[in-house]
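All remarks here apply to the structure that follows.
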Amino acid sequence: MNTVPLSHILFLSTALFFIGMYGLFTRRNMITMLMAIELMLNSVNINFVAFNKYLYPGKLDGLFFALFIITIAAAEAAVAIAIIINLYRTHRSIDVDDATDMKY
Amino acid sequence: MLTDTFLLFRQEIMLALLLFFLVLYKLGRARPAAHLLPIMNWLLLLNLVVGLLFYDWQGVLFNGMYRTGELIVLEKNILNLAVWLISMQAYGWLRQHRHAAEVYLLLLTSLLGMFLMLSSGHMLILYVGLEMATIPLAAAVNFALSSKRSSEAAMKMIVSSAFASALLLLGISFLYGITGSLWLAEIPGMLHATPVVLFTFLLVFSGFAFKVSAVPFHLWTADVYEGAPVAVTAYLSVVSKAAMVFVLVTLLYSVFAPLEKTSHAVLVVLSLLTIITGNLFALRQQNIKRFLAFSSIAQIGFILVGISGYSQTANASVIFFLLVYVFSNLAAFGVVGWISTQTGKETIADYANLYRHNKTLSWILAIAVFSLAGVPPTAGFFGKFFLLTAGASKGDYLFISVAALNMVVSFYYYLRIIKAIFMEPGETGIAALSLPFWPQLSLWICTGGMLASGLLGVIYQYIYSISPSH
Chain A
12 MNTVPLSHIL FLSTALFFIG MYGLFTRRNM ITMLMAIELM LNSVNINFVA FNKYLYPGKL
72 DGLFFALFII TIAAAEAAVA IAIIINLYRT HRSIDVDDAT DMKY
Chain B
2 MLTDTFLLFR QEIMLALLLF FLVLYKLGRA RPAAHLLPIM NWLLLLNLVV GLLFYDWQGV
62 LFNGMYRTGE LIVLEKNILN LAVWLISMQA YGWLRQHRHA AEVYLLLLTS LLGMFLMLSS
122 GHMLILYVGL EMATIPLAAA VNFALSSKRS SEAAMKMIVS SAFASALLLL GISFLYGITG
182 SLWLAEIPGM LHATPVVLFT FLLVFSGFAF KVSAVPFHLW TADVYEGAPV AVTAYLSVVS
242 KAAMVFVLVT LLYSVFAPLE KTSHAVLVVL SLLTIITGNL FALRQQNIKR FLAFSSIAQI
302 GFILVGISGY SQTANASVIF FLLVYVFSNL AAFGVVGWIS TQTGKETIAD YANLYRHNKT
362 LSWILAIAVF SLAGVPPTAG FFGKFFLLTA GASKGDYLFI SVAALNMVVS FYYYLRIIKA
422 IFMEPGETGI AALSLPFWPQ LSLWICTGGM LASGLLGVIY QYIYSISPSH
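If you're matching them up, the sequences are chains A and B in order.
Under this note's numbering, the first residue of the first sequence carries the number 12, and numbering increases by one thereafter.
Under this note's numbering, the first residue of the second sequence carries the number 2, and numbering increases by one thereafter.
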């Protein structure tokens, strides 16, 4: 049976990482920026799982790392959403362009 | 065997107990009683003392995931000391705060994360510790709940730190792909300077450069420092930064040791950029918290100069400088924080003729500023001198001269504060402020530390003797 080569998966994860980075830099809505960050973290998860399965199938280091990244990303999202709610309370907006009280 | 575990792990266990105490204390109480702050100050002192006991024990736990030794214990003790000093200085702010217990919970959780990160023997613990150290801090930055600037600062901090950890994680995933191992001790044996390894190194380094706010990645620093409550700013600029530098040194000197040439070049470029940018922006600041933010960026540049030395001296000088930095920066933040919570004044112009009514505060701030600038009798001079000496050991004298000349530039903006305090006689100045016992004790310890740690050679000797030879 033909399997998908590792390079295809790496291409996917790299593309996903930079799509996430592009989203983070261009989007101005905080929720969308948070989603872009999740995209970047998920691409790293794909990396870890793929390396684990293709190159080092004997040990489960990569899989465990991916599990920890998912958990911590959830914690990060929880804190970030709390901050966004507070940002909405003080600024009446979650657009980053409206939060410009401090410059240079 | 069990006692060994407890004793090696004692600093983390102490912090975990403190966290349990705070959670239980918080149960069923709408707002903390007035005695919480003195209790916390005593408990943090106890925490520091527990860290100082058995200081020379070393060993590994959890199959090598956790390791400790004399140097790591010393680094943790520096962080413990800084947290104790900050806790005493925060007295004025937390006294009226409804959520004082939560502020402590967040700051101590973050400290626990830093301890795990410092002791990590495996990339997983390093990453978990790093996130544990930064996520609570973003929440703590938001603790001036009704302030617009505070929530803006927290938003900037969480986005930039999440981006930095994504870069770091991509680097770690490539490291795993290249070597097949996540153990810090195993990785260096399998690294060779191939392009993909260099790319990986750059990713990991940028992740940490974000956290220590070295220059291309410094943009979040000033905004976060200005928006956060002063105690949190002090924590960010001293404790968080010191922990990140300690870990960066360990990573560069052990994990990325095979890439010494590349990382030296990166360090030279980044340190010069950091010093020059930090100085140029500090020149034009009016808000004193922003001013201290840019001055701390410039200080990070000098630390990177020291790291680029790649020797036992370099390692020791970085740790010594951070000890001195704890004292000098916390003295400055202590005075600034007290004036800010009592009068709400935060610009340099407000400090005009501070000396008229507040003689002690003025002298302490002046000594702190001299120490940050690096004027001889204070410890800051010795700190910077050792850093530049360590950097010069590579023989790149042009680089060291540019760094040293930048110290002259930095005198200009540091002395602006001295001029405001002492030499603007026309102004009436801030009315006399009385200092309660805790902030006063903290400021005296900082002043003593600034004067003593430079003049007592044994401190540097001790740090040198326990630093790993390269």
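Ideal placement from N, C-alpha and C gives every residue a C-beta, glycine not left out.
Does the distance from the C-beta atom of residue i to that of residue j stay below 8 Å?
{"i": "B:Ser-372", "j": "B:Gly-381", "result": "yes"}
{"i": "B:Phe-206", "j": "B:Val-269", "result": "no"}
{"i": "B:Ala-374", "j": "B:Ser-411", "result": "yes"}
{"i": "B:Ile-159", "j": "A:Val-55", "result": "no"}
{"i": "B:Tyr-226", "j": "B:Arg-291", "result": "yes"}
{"i": "B:Leu-125", "j": "B:Leu-183", "result": "yes"}
{"i": "B:Phe-334", "j": "B:Phe-387", "result": "no"}
{"i": "B:Val-216", "j": "B:Leu-171", "result": "no"}
{"i": "B:Leu-106", "j": "B:Leu-25", "result": "no"}
{"i": "B:Pro-440", "j": "B:Gly-181", "result": "no"}
{"i": "B:Ala-283", "j": "B:Ser-296", "result": "yes"}
{"i": "A:Leu-45", "j": "A:Ala-88", "result": "yes"}
Is there a C-beta anywhere in chain A that falls below 8 Å from the one on residue i?
{"i": "B:Phe-209", "result": "no"}
{"i": "B:Lys-149", "result": "yes"}
{"i": "B:Ser-152", "result": "yes"}
{"i": "B:Val-125", "result": "Residue identity check: residue 125 of chain B is Leu in the sequence provided, not Val. Chain A contact via Cβ: present."}
{"i": "B:Leu-1", "result": "The shown model of chain B, from 2 to 471, leaves out residue 1 of chain B, and the question about it has no answer."}
{"i": "B:Glu-132", "result": "yes"}
{"i": "B:Asn-280", "result": "no"}
{"i": "B:Gly-190", "result": "no"}
{"i": "B:Met-115", "result": "no"}
{"i": "B:Phe-334", "result": "no"}
{"i": "B:Asn-143", "result": "yes"}
{"i": "B:Ala-232", "result": "no"}
{"i": "B:Ala-163", "result": "yes"}
{"i": "B:Ser-174", "result": "yes"}
Residue range of the beta strand (DSSP E) that residue i falls in?
{"i": "B:Val-61", "result": "60-62"}
{"i": "B:Thr-69", "result": "67-69"}
Taking C-alpha atoms, which residue in the options lies nearest to residue i?
{"i": "B:Asn-280", "options": "B:Leu-355, B:Ser-166, B:Ile-289, B:Ala-299", "result": "B:Ala-299"}
{"i": "B:Pro-377", "options": "B:Gly-455, B:Gly-307, B:Ile-304, B:Phe-334", "result": "B:Gly-455"}
{"i": "B:Leu-8", "options": "B:Leu-47, B:Pro-33, B:Ala-333, B:Gln-59", "result": "B:Gln-59"}
{"i": "B:Gln-343", "options": "B:Ala-155, B:Ala-432, B:Ala-141, B:Val-197", "result": "B:Ala-432"}
{"i": "B:Leu-185", "options": "B:Phe-206, B:Ser-296, B:Glu-153, B:Ala-258", "result": "B:Ala-258"}
{"i": "B:Asn-288", "options": "B:Gly-181, B:Met-158, B:Leu-125, B:Thr-348", "result": "B:Thr-348"}
{"i": "B:Val-239", "options": "B:Ala-141, B:Leu-331, B:Gly-345, B:Thr-180", "result": "B:Leu-331"}
{"i": "B:Ala-398", "options": "B:Ile-422, B:Ala-101, B:Val-306, B:Lys-212", "result": "With the sequence shown as reference, residue 398 of chain B is identified as Tyr, and Ala is not the correct amino acid for it. Here the closest residue by C-alpha is B:Val-306."}
{"i": "B:Lys-242", "options": "B:Leu-119, B:Tyr-177, B:Lys-212, B:Glu-261", "result": "B:Lys-212"}
{"i": "A:Phe-62", "options": "A:Leu-45, A:Thr-111, A:Ile-105, A:Phe-22", "result": "A:Phe-22"}
{"i": "A:Ile-92", "options": "B:Asp-57, B:Tyr-26, B:Met-156, B:Val-61", "result": "B:Met-156"}
{"i": "B:Phe-22", "options": "B:His-98, B:Asp-5, B:Leu-86, B:Ala-102", "result": "B:Ala-102"}
{"i": "B:Leu-339", "options": "B:Ser-318, B:Val-231, B:Leu-16", "result": "A quick correction: the sequence has Trp, not Leu, at residue 339 of chain B. The shortest C-alpha separation from B:Trp-339 is found at B:Val-231."}
{"i": "B:Thr-278", "options": "B:Ile-301, B:His-265, B:Ser-318", "result": "B:Ile-301"}
{"i": "B:Met-191", "options": "B:Thr-379, B:Asn-81, B:Leu-260, B:Leu-119", "result": "B:Leu-260"}
Going by DSSP, what residue range makes up the alpha helix (DSSP H) through residue i?
{"i": "A:Thr-25", "result": "17-37"}
{"i": "B:Asp-5", "result": "3-9"}
{"i": "B:Glu-261", "result": "261-284"}
{"i": "B:Val-250", "result": "242-251"}
{"i": "B:Leu-389", "result": "380-393"}
{"i": "B:Trp-521", "result": "Since the first and last residues shown for chain B are 2 and 471, residue 521 of chain B lies out of range."}
{"i": "B:Ser-147", "result": "Note, B:Ser-147: premise wrong, no alpha helix (DSSP H); not H, not E."}
{"i": "A:Ser-54", "result": "41-65"}
{"i": "B:Met-118", "result": "101-120"}
{"i": "B:Asn-48", "result": "37-53"}
{"i": "B:Tyr-352", "result": "Counting along the chain, B:Tyr-352 falls outside any alpha helix (DSSP H), and DSSP gives it neither H nor E."}
{"i": "B:Ala-421", "result": "398-423"}
{"i": "B:Val-239", "result": "B:Val-239 -> no alpha helix (DSSP H), and no H or E assigned at all."}
{"i": "B:Ala-223", "result": "220-228"}
{"i": "B:Gly-307", "result": "289-308"}
{"i": "B:Leu-131", "result": "124-142"}
{"i": "B:Ser-372", "result": "360-374"}
{"i": "B:Thr-344", "result": "313-344"}
Please decide whether residue i counts as near chain B, where near means a Cβ-Cβ distance under 8 Å.
{"i": "A:Gly-34", "result": "no"}
{"i": "A:Phe-29", "result": "no"}
{"i": "A:Phe-76", "result": "yes"}
{"i": "A:Ala-85", "result": "no"}
{"i": "A:Asn-40", "result": "no"}
{"i": "A:Ile-81", "result": "no"}
{"i": "A:Phe-59", "result": "yes"}
{"i": "A:Ile-48", "result": "yes"}
{"i": "A:Leu-71", "result": "no"}
{"i": "A:His-102", "result": "yes"}
Using a Cβ cut-off of 8 Å (strictly closer), state whether residue i contacts chain D.
{"i": "A:Val-15", "result": "Judged by its chain identifiers, the structure shown contains no chain D, and its protein chains are A and B."}
To test your reading of the DSSP string, which unbroken alpha helix (DSSP H) runs of 4 or more residues are found completely within the region 58-110 of chain A?
72-102
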